[in-house]
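Peer 1: Numbering (this note's numbering), first residue to last: 4 to 218.
Each residue gets a CB set at the ideal place from its N, CA and C atoms; glycine is no exception.
Structure in structure tokens, see below.
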């Protein structure tokens with residue numbers, strides 16, 4: 004009888020730990036700063052979580068908790084990047100910076116729509132556009148309110164420098180999030196998007212560093 008009770012307790016403990024891990028993984032993804040920098044734009048509804056505690060069992064549709072966290076984190080992250088890019092046409096001086104901003108928006112707007120579609124099909128809530136979670140700013144490379152204000156007030160060469168310095172940090176956060184998705188996600192399309200983000204944003208980081216004279 005004692006051994007049976009012991010086994011029952013152990014089984015319950017294992018199940019409870021597993022449930023907690025899933026909850027933590029899901030929560031980790033929904034805490035992204037809505038700037039969202041989903042794409043990159045907007046001030047965040049949830050803050051991007053650079054990592055999920057552990058891979059979760061995939062659902063029937065092929066996704067797991069890490070995939071949900073990736074989508075919920077990348078949407079506000081991308082939104083903020085798009086918001087930053089929207090400033091360039093009227094504030095940037097360098098044609099290269101203007102083109103870079105246009106490329107960022109062109110790539111990330113469609114990704115926001117795709118990520119939102121996945122969440123809807125999974126029965127998950129899409130981070131609200133324009134929602135503010137001040138605690139999320141600074142996480143995953145997200146811009147703080149102060150940094151966004153500084154960028155909005157800058158122009159000419161000062162804008163170019165600030166834009167690239169802030170976007171490098173922003174991209175580094177997105178690359179970290181994408182690497183977590185590759186390692187822990189299960190949904191094939193999400194892992195494919197993560198690979199594309201790593202490739203394109205790493206190349207843009209290198210380009211910006213070069214423009215800043217860092218390489």
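Who are the near neighbours of residue 96 in its chain, counting only those whose CB is closer than 8 Å to its CB and skipping five residues on each side?
Peer 2: Taken in chain order, the residues that qualify are 158, 159, 160, 162 and 163.
Peer 1: So is residue 170 buried or exposed if we call it buried at 16+ other beta carbons inside 10 Å?
Peer 2: Flag for residue 170 reads buried.
Peer 1: On the DSSP letters alone, give me the boundaries of the alpha helix (DSSP H) that residue 189 sits inside.
Peer 2: Premise fails: residue 189 is in no alpha helix (DSSP H) and is neither H nor E.
Peer 1: How would you label residue 148, buried or exposed, when you count the other beta carbons within 10 angstroms and need 16 or more for buried?
Peer 2: So residue 148 counts as exposed.
Peer 1: Any contact of the region 120-131 with the region 99-107, i.e. 3+ C-beta pairs under 8 Å?
Peer 2: Verdict: no, contact absent.
Peer 1: Grouping DSSP H, G and I as helix and E and B as strand, with all else coil, what is residue 69?
Peer 2: Helix at residue 69.
Peer 1: Just the Cα atoms here: how many angstroms apart are residue 94 and residue 101?
Peer 2: For residue 94 and residue 101, the distance between alpha carbons rounds to 9 Å.
Peer 1: Distance check for residue 151 and residue 186, CA to CA, integer angstroms please.
Peer 2: Spanning the two alpha carbons is a distance of roughly 31 Å.
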